[in-house]
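One structure is given below, encoded as structure tokens.
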């Protein structure tokens, strides 16, 4: 089974078009300048850009509609950069404190903590692993060796040696 490869699609390109992608900031800037010089007409700007770059008619970086979307985004943000992904949601510090408290007092499992706090299991796991550095294979407070348990543990060990 082959691996899936993901590629970043440039702003303004549609799914059904087979246009050449522009990777340089200089070309995008030139295209925007042509748009403004030609009375905000995307079709004329694209035609002149193709002529300047020696591209055949019908090919180029985008369609007129795509260029208009790029211009709108440029006017809104002042940049050609594409926003990647949805962004990472931050975890509230109160949630981290609640999980840490539940880990010490109530449960040592992510599922148990999520049920107690009414929080998604995935969020609890992220807090446990990424913030509290608590992994499933590490010793938890339940497995901790304390001096008061020494006689009980010695008796248990002697049963195996006998």
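In this note's numbering, the protein residues as written are 820 to 981. Glycine is no exception: its CB is placed at the ideal position from the N, C-alpha and C atoms.
Going by other Cβ atoms of all chains shown within 10 Å of its Cβ, with 16 needed for buried, is residue i buried or exposed?
| i | result |
| --- | --- |
| residue 918 | buried |
| residue 986 | The structure shown does not extend to residue 986, since the chain is modelled only from 820 through 981, so no value can be given for it. |
| residue 922 | buried |
| residue 969 | exposed |
When the Cα atoms are used, what is the spatial distance from residue i to residue j?
| i | j | result |
| --- | --- | --- |
| residue 978 | residue 924 | 32 Å |
| residue 948 | residue 966 | 29 Å |
| residue 926 | residue 896 | 47 Å |
| residue 974 | residue 980 | 10 Å |
| residue 976 | residue 908 | 49 Å |
| residue 882 | residue 920 | 56 Å |
| residue 931 | residue 952 | 18 Å |
| residue 938 | residue 944 | 10 Å |
| residue 936 | residue 964 | 28 Å |
| residue 848 | residue 898 | 10 Å |
| residue 875 | residue 954 | 58 Å |
| residue 846 | residue 859 | 17 Å |
Find out if the Cβ-Cβ distance for the pair residue i, residue j is shorter than 8 Å.
| i | j | result |
| --- | --- | --- |
| residue 890 | residue 854 | yes |
| residue 851 | residue 884 | no |
| residue 872 | residue 857 | no |
| residue 912 | residue 946 | no |
With distances taken Cα to Cα, identify the nearest neighbour of residue i among the options.
| i | options | result |
| --- | --- | --- |
| residue 941 | 929, 856 and 969 | 929 |
| residue 950 | 964, 844 and 916 | 916 |
| residue 888 | 862, 866, 920 and 870 | 862 |
| residue 864 | 875, 845 and 886 | 886 |
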